[in-house]
Amino acid sequence: MRGSRPFNLSTRGLVQQDDDTDTLGFTPDLTPIIEESKEIKPRDDFVPEDVILEEDNEQEVHSDAEKIGDSSEDKDLPEEPKNSKNKVDAILKKVDFVIQQITCSAAKRSEYNTWCKRLDYNGPSLIAWYGIRWNIKFQSRDRGYQARKIIRKLLENERDRQEREGGKNYYNKMEISQEEWDVVKKLNNMLGEFYFLTKKMEGDHSSACLMISEYWYIKAYIKEKMKTIAPNENEFQKMLQAMSAKTEKYLN
Numbered sequence: 001m002r003g004s005r006p007f008n009l010s011t012r013g014l015v016q017q018d019d020d021t022d023t024l025g026f027t028p029d030l031t032p033i034i035e036e037s038k039e040i041k042p043r044d045d046f047v048p049e050d051v052i053l054e055e056d057n058e059q060e061v062h063s064d065a066e067k068i069g070d071s072s073e074d075k076d077l078p079e080e081p082k083n084s085k086n087k088v089d090a091i092l093k094k095v096d097f098v099i100q101q102i103t104c105s106a107a108k109r110s111e112y113n114t115w116c117k118r119l120d121y122n123g124p125s126l127i128a129w130y131g132i133r134w135n136i137k138f139q140s141r142d143r144g145y146q147a148r149k150i151i152r153k154l155l156e157n158e159r160d161r162q163e164r165e166g167g168k169n170y171y172n173k174m175e176i177s178q179e180e181w182d183v184v185k186k187l188n189n190m191l192g193e194f195y196f197l198t199k200k201m202e203g204d205h206s207s208a209c210l211m212i213s214e215y216w217y218i219k220a221y222i223k224e225k226m227k228t229i230a231p232n233e234n235e236f237q238k239m240l241q242a243m244s245a246k247t248e249k250y251l252n
């Protein structure tokens, strides 16, 4: 009686085990099971821009929200700022619009870089913000303020071009005066403290005690800032009052 003959089976799709494993021969080459990511719960952190000018702009926010999602192709395109009853809000929208117009065009970015060299500007480059991240808005406006001379030159160049060639003004004839830039600077000076506190409280480690102490610091900071607001600066007064109320909410 003849002995059993070995079968020559293909090892394609199999993985040979190491010598120190308990499994003999080959095992199927299977895709490893990836551990399911844990759900990240939304954080209820203090966000300064949640309360900035929100009372005066509540109706505008609801109106804009109805229009979101109508066109996916146009969602990242800068929109012309609408008229606002709030002076500070109108200035911020104008500044944001001009910055976005510059950053979204390769030709305008090139023109911006050219005039940075001609005017010996060595500051940070412009960045546009999209969405609701207030810290990006803060950085965008801060960089815009630093580069205000370059931006002023680009607006001037566009006016000259339109006078010579006609057609539509790329910036919709927007002008940003030094007084308006001063408003941007004043607002950013207030928000700067919150920006650096946010960076300080970021991280994976537990920071509950740190956050409580920082919220007390924020409360004291807002109280001191309110003393520096002039009587005719109603927008800043309302903003700080709203921020103070929200800080109290987190402390209680």
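Residues in the sequence shown are numbered consecutively from 1, following full-length UniProt numbering.
The beta-carbon is built from N, C-alpha and C at its ideal position, and this holds for glycine as well.
A direct Cα-Cα distance of roughly 10 Å separates E165 from E158. Three or more Cβ pairs closer than 8 Å define a contact, and the segment 135-145 meets that threshold against the segment 96-105. Below 8 Å, too few C-beta pairs join the segment 208-228 and the segment 167-179 to call them touching: fewer than three. Per DSSP, reduced to three states, the secondary structure at C116 is helical. Pairing N232 with W115, the inter-Cα distance amounts to about 37 Å.
If you draw a straight line from the Cα of S244 to the Cα of I151, it is about 34 Å long. Distance from the Cα of A220 is smallest, within the candidate group Q241, G144 and K117, for Q241. Residue environment: A107 is assigned as exposed (fewer than 16 neighbouring CB atoms within 10 Å of its CB, all protein chains considered).
In the three-state DSSP reduction, I99 falls in the helix class (H, G or I). DSSP places E175 outside both helix and strand once states are collapsed to three, so it counts as coil. About 6 Å separates the Cβ atoms of M190 and K225, confirming a contact at the 8 Å cut-off. The shortest C-alpha to C-alpha distance from F236 to any of T247, N135 and K186 is the one to K186. Residues of the same chain with a CB within less than 6 Å of the CB of I218, apart from the 5 flanking positions on each side, are T247 in chain order. The beta carbon of V183 sits closer than 7 Å to the beta carbons of V88 and I91 from its chain, once the five residues preceding and following it are set aside; these are given in chain order. In terms of Cα proximity to N135, the closest of T228, Y215 and F196 is F196.
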